[in-house]
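Everything in the sequence shown is counted per our numbering, starting at 25 for the first residue and increasing by one. C-beta atoms are modelled at their ideal positions from N, C-alpha and C, and glycine is treated no differently. All of these numbers come straight from a predicted model, not from anything done at the bench. Encoded as structure tokens, the structure appears first; notes follow it.
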Amino acid sequence: MTHRFPNLTGACAAALILLAAGLTPAVAQAPAEAQPFDAAMLADQALAQVRVRLRLTDDQIQKIKPLLAENMAKIRQSFVGYWSPDGAMFPALAQEVRGIREKFRASLEPILKPEQMKEFMVIRREVDQALHDTICDARFAGIKPHLALRPDQEPRVREVLCEDFEKKRDLAAGPATPPGGPAAPGSTASQYKTIDDATDASLGKVLSPEQVKAYEAYRAEMKAKARPPAS
25 MTHRFPNLTG ACAAALILLA AGLTPAVAQA PAEAQPFDAA MLADQALAQV RVRLRLTDDQ
85 IQKIKPLLAE NMAKIRQSFV GYWSPDGAMF PALAQEVRGI REKFRASLEP ILKPEQMKEF
145 MVIRREVDQA LHDTICDARF AGIKPHLALR PDQEPRVREV LCEDFEKKRD LAAGPATPPG
205 GPAAPGSTAS QYKTIDDATD ASLGKVLSPE QVKAYEAYRA EMKAKARPPA S
């Protein structure tokens, strides 16, 4: 069984699963890389992190644990078999995970009190920021060795890659319907290309001509690897 992000370490992938689950604060530690996936154990760890903050009762924990374990298992499945080694499909994954998380949030409403739900949403925002940072770091770590970046170039290149992810994430959440009717077929692909072109232009302002060639070679290699595996 292959993970969707073969260029990430097991620990990083585990951190993404924990963060994407939506009930693990940024201070939580990722499980050891060699540790097998155990949804029940991870649910226990996550609940231990937030028990005091959410003021959870024993009864609430017993009700939430199986829901959280199921949520984590579904999110892990979303990471399986995904062929996007350059991270370009992170936004599509974000859309998929968003639906899973929304169902989990709705399942908590009958269990948590209003003030607990309010604090849960605060934690959710913290988790989203941590997930965003983890993804940006992973994308930058993937491309950095290929470009021989100078120290002064590194922050800007990471910023451009983050902007690329954010734009594609927002587009994956659902393109706005243009005036006069639904979006035309292929319009989303066109918007993705517009984002890619803007990213290329931004990187071109930071990279040297030699680095641009290395970036283009890396991108071509990643696109070739990102083709669906033969069935």
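In the three-state reduction of the DSSP assignment, Lys229 falls in the coil class. At a Cβ-Cβ threshold of 8 Å, Gln119 and Ala172 do not count as neighbours. Around the C-beta of Lys192, 16 or more other C-beta atoms lie within 10 Å, and the residue is accordingly described as buried. Residue state for Leu91 is assigned as helix, using DSSP reduced to three classes.
In this structure, DSSP gives Pro138 a helical state, which the three-state scheme calls helix.
With a threshold of 16 other beta carbon atoms within 10 Å, Val74 meets it and is buried. In terms of CA proximity to Leu227, Tyr239 leads the group Tyr216, Tyr239, Gln86, Ile99. Listed in chain order, the non-local C-beta contacts of Ala64 below 6 Å within the same chain comprise Ala93, local neighbours out to five positions each way being set aside.
The DSSP-derived three-state label of Leu171 is helix. Excluding residues up to 5 positions away in sequence, Val230 lie with their Cβ nearer than 6 Å to the Cβ of Gln177 in the same chain. Contact annotation: the segment 135-145 touches the segment 70-86, with at least three C-beta pairs closer than 8 Å. DSSP places Phe164 in the helix class (H, G or I) of the three-state scheme. Cβ contact annotation for Met141 (same chain, cutoff 8 Å, sequence separation greater than five): Leu132, Glu133, in chain order.
With 16 or more other Cβ atoms inside 10 Å of its own Cβ, Val121 counts as buried.
Excluding sequence positions up to five before and after Lys98, its CB lies within less than 7 Å of the CB of Ile124, all in the same chain and listed in chain order. Between Gln86 and Ala70, the alpha-carbon positions lie close to 13 Å from each other. For the pair Ile167 and Tyr216, the CB atoms are not nearer than the 8 Å cut-off. In terms of Cα proximity to Lys89, the closest of Ala154, Ala67, Arg174 is Ala67. Judged by DSSP in its simplified three-state form, Pro60 adopts coil rather than helix or strand. In this structure, the straight-line span from the alpha carbon of Thr218 to that of Ala248 is close to 20 Å.
By the 16-neighbour rule on beta-carbons within 10 angstroms, Val146 is exposed. In this structure, the alpha-carbon of Asp83 lies about 18 Å from that of Ala130. Residue environment for Ala154: buried (at least 16 other C-beta atoms within 10 angstroms of its C-beta).
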